[in-house]
Each structure stands twice: as structure tokens, then as C-alpha cells.
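So the protein sequences, as listed, match chains A and B.
For the first sequence, the working numbering begins at 1 and goes up steadily by one.
For the second sequence, the working numbering begins at 1001 and goes up steadily by one.
Glycine is no exception: its CB is placed at the ideal position from the N, C-alpha and C atoms.
Everything numeric in this text was worked out from a predicted model, so none of it was measured.
A quick write-up on the structure given underneath.
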Amino acid sequence: DAKTTQPPSMDCAEGRAANLPCNHSTISGNEYVYWYRQIHSQGPQYIIHGLKNNETNEMASLIITEDRKSSTLILPHATLRDTAVYYCIVRVQTGTASKLTFGTGTRLQVTL
Amino acid sequence: DAGVTQSPTHLIKTRGQHVTLRCSPISGHKSVSWYQQVLGQGPQFIFQYYEKEERGRGNFPDRFSARQFPNYSSELNVNALLLGDSALYLCASNTAGTEAFFGQGTRLTVV
């Protein structure tokens, strides 16, 4: 699986959009970009994933650059409950393989 | 619907002892994976099982073993516990080719 690079920490004011970047310059054509988050001492929570098109769900939007070497997770209206560590992961989504390679993620602090 | 359930939630063991952690996947999920998360780091992959067969193994010593049962539940066993095995142990389940869903973990403390 390709390696990802994320800033170690970010701050965001409540109600504002939180934009979390991720670099994955060695991503392969068949690798997806996944985002998970982990609220303190809980299990990681799936947020969203995509291959090359932008994706949106009830939690967030995922913007992937045309060359697929980077992506941005957008939380449109951050709340205090979005304070967590956010992990960007790239992996092949085929067959029965399901290994996720986590880095150290971005610690997002949402403040009043 | 019940999510991934893990037991126990917390556990304290002494160095040299053995521990068994348990995981029940989401109904219909045939794949179970185990991760270790030490304080301040991201989760590290230990094992994946699919249809009772090992499909992946991370860089962990042979003291770590696992198995999956016919009902797709799984156990993680760790022998000869070391202080460094203290961590949050996470179980995740998924169906083939889909995102993984994690349990709340078992916090193991080795003293």
C-alpha cells in the first residue's frame, strides 16, 4: 500500500469547514483513498473513500486531485464532536484483502 | 444492528501470562482483522482472517496467534506477555472489498 503524509495537527473553529490534506504521491492506479477518524480511546470510524472522483456523504466530502497524488477531506461545518485524529489511508480494494496501513494521522482540534 | 463487539473491554495481566481477546463481527461479515495500537501511534495490523483462513499477517512475533470460528467470530491470543504488549487491541470486520468497521477495542495493561 502507498504511503501517506498528513500534517500532525490542525485547529478549526466550530461551525467552520475543516479541510484536512493528505499527500499520497506514490498511489497506484487501483488504490483507493480511505479516511477514518478516531475519537479518543475509541475504535476508528470509517468516514469516506474514493478512487478518482470526488465523493460526498452525510459526514464529509472527499476531493481527490486529478493526478491522484493528494486529497482533501472536508468537514463542512465542524463541531466539537469532530475533534479526533483523522487518518488518510490508501489501499487496494479487491478480493478478500482488507489490511489497513495507518500512519500517525492529523489531530484535529475544533474550538469554540 | 449490532456493530463489532469485543471482550473484555479492559484487562490487566502480569508479565509472562497468556491472554485471549475475543471479537464478534457484524452479522454477515466473513473477514476479521486484528490491530494493535500503542499510545500515541496509529493502529498496526496484526492478522486478517477470512472464512477461517489466515489471509494476512503483520510484523508481530510468534507469541501472537489468532483463529476464526465457523460463526466468523475470532480470538487473538498472546503468550508470554511483555510490558510492551500493553496497548489497545482493535478488531475490525468487513465483507470482501468493502470498508472495515472497528470495535471499541480491548485495553490490555501488562504489569
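Beta carbon of residue i nearer than 9 Å to that of residue j
i	j	result
A/Y46	B/E1099	yes
B/V1078	B/R1015	no
B/V1019	B/L1108	yes
B/Y1035	A/L100	yes
B/Q1048	B/R1055	yes
B/G1003	B/F1069	no
A/L118	A/E14	Absent from the model: residue 118 of chain A. The displayed extent of chain A is 1 to 112, so no value can be given.
A/A33	A/I64	Inspection of the sequence shows that residue 33 of chain A is occupied by Val rather than by Ala. Closer than 9 Å, so yes.
A/C12	A/A84	no
Other residues of its chain near residue i: CB distance less than 6 Å, five sequence neighbours each side excluded
i	result
B/R1022	S1007, E1075
B/Q1017	L1081
CB-CB length for residue i against residue j, believed under 8 Å
i	j	result
A/L20	A/T104	The pair is not a contact, with the Cβ atoms about 13 Å apart (cut-off 8 Å).
8 Å Cβ shell around residue i - same chain, five flanking residues per side excluded
i	result
A/K69	N23, H24, S25, I27
A/M10	A18, L20, T106, R107, L108, Q109
A/A60	W35, I47, I48, L73, I74, L75, P76
Residues near residue i by beta carbon distance below 7 Å, same chain, minus five either side
i	result
A/T4	C22, N23, H24, C88, I89, V90, G103
Checklist line | Within the region 1045 to 1090 of chain B, ranges of the beta strand (DSSP E) (whole runs, at least 3 residues) | finding: 1053 to 1057, 1064 to 1068, 1074 to 1078
Notebook entry, point to check: How do the region 1004 to 1019 of chain B and the region 1050 to 1059 of chain B stand: do at least 3 beta-carbon pairs fall below 8 Å, yes or no?
Noted result: No: the two stretches stay apart, fewer than three of their Cβ pairs being nearer than 8 Å.
Note to self: Check whether the region 1023 to 1033 of chain B and the region 1087 to 1101 of chain B touch, using three or more Cβ-Cβ pairs below 8 Å as the test.
What the structure shows: Yes, the region 1023 to 1033 of chain B touches the region 1087 to 1101 of chain B.
Check: Can we say the region 1028 to 1047 of chain B touches the region 51 to 58 of chain A, given the rule of at least three CB pairs closer than 8 Å?
Finding: no
Checklist line | Completely contained beta strand (DSSP E) runs for the region 32 to 111 of chain A, where each covers 3 or more residues | finding: The DSSP assignment places 45 to 50, 61 to 64, 70 to 75, 84 to 92, 106 to 111 as complete runs of the beta strand (DSSP E) inside the region 32 to 111 of chain A, in order along the chain (cut-off: 3 residues).
Check: Counting only runs that start and end within the region 1002 to 1026 of chain B, where is the beta strand (DSSP E) found for 3 or more residues in a row?
Finding: Counting only runs of 3 or more, we get 1005 to 1007, 1010 to 1013, 1019 to 1024.
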